[in-house]
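Novice: So the mapping is simple: this note's numbering equals the position in the sequence shown, first residue as 1, plus 2. Note that beta-carbon positions come from the ideal geometry of N, C-alpha and C, so glycine has one too. The model shown is predicted, which means the values in this text are computed figures rather than measured ones.
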Amino acid sequence: MITASEQAIGQLKQLLEQQDNQNMGLRVYVSPGGCSGFSYGMGFDDAPAEDDEVAEQEGIKVFVDPYSATYLEGAEIDYVDSLMGGGFTVHNPQAVKTCSCGQSFDSGDGAGAAKSCSAG
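Quick look at the structure:
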């Protein structure tokens, strides 16, 4: 299952405090596309779907659908803050190739549908 770094947990707690529903969880998913074959996505969700895998780390609930769970096993969400801005990243041991945009990866199994990269 996917985990989160201390930096990501801290940032997620701050973001969840701004939401009306304190029972929300973070939905993390992959979808075909991106410049390397798959793209990461995440956002808050009110509740898990019936077939979601659910993990909880330091009070943060994470929801992952079965399709995405296959590609996110062992991955870690991190939050990186730099002079150029901050953002969430995913460190994925299953990615055999990642794009410089940091939002796309290739699983090496021939799945996914690569699109041209918009990152410079």
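1. Which ranges does the alpha helix (DSSP H) cover as unbroken runs of at least 4 residues, wholly within the segment 26-83, from first to last along the chain?
2. My output table needs one value for Ala10: the three-state DSSP class, helix, strand or coil.
3. How many Å lie between Ile11 and Phe46 at the Cα?
4. Using a Cβ-Cβ cutoff of less than 6 Å, which residues in the same chain neighbour Thr72 once the five nearest sequence positions on both sides are dropped?
5. By alpha-carbon positions, which one of Met86, Gly87, Leu74 ends up nearest to Val30?
6. Whose C-beta lies closer than 8 Å to the C-beta of Gln21 among residues of the same chain, with five residues either side of it excluded?
7. Nearest-angstrom Cα distance between Ala49 and Gly27?
8. What whole-angstrom Cβ distance do Lys15 and Ile62 have, given they're in contact under 8 Å?
Specialist: In short, the structure shows the following:
1. Whole alpha helix (DSSP H) segments, 4+ residues: 68-74.
2. Three-state DSSP puts Ala10 in a helix.
3. Those two C-alpha atoms are separated by around 14 Å.
4. Nothing listed; no residue qualifies.
5. Leu74 is the residue among Met86, Gly87, Leu74 whose C-alpha sits nearest the C-alpha of Val30.
6. Once the five neighbours on either side are set aside, the close Cβ partners of Gln21 are Phe46.
7. Gly27 has its alpha-carbon roughly 7 Å from the corresponding atom of Ala49.
8. About 7 Å; that satisfies the 8 Å criterion.
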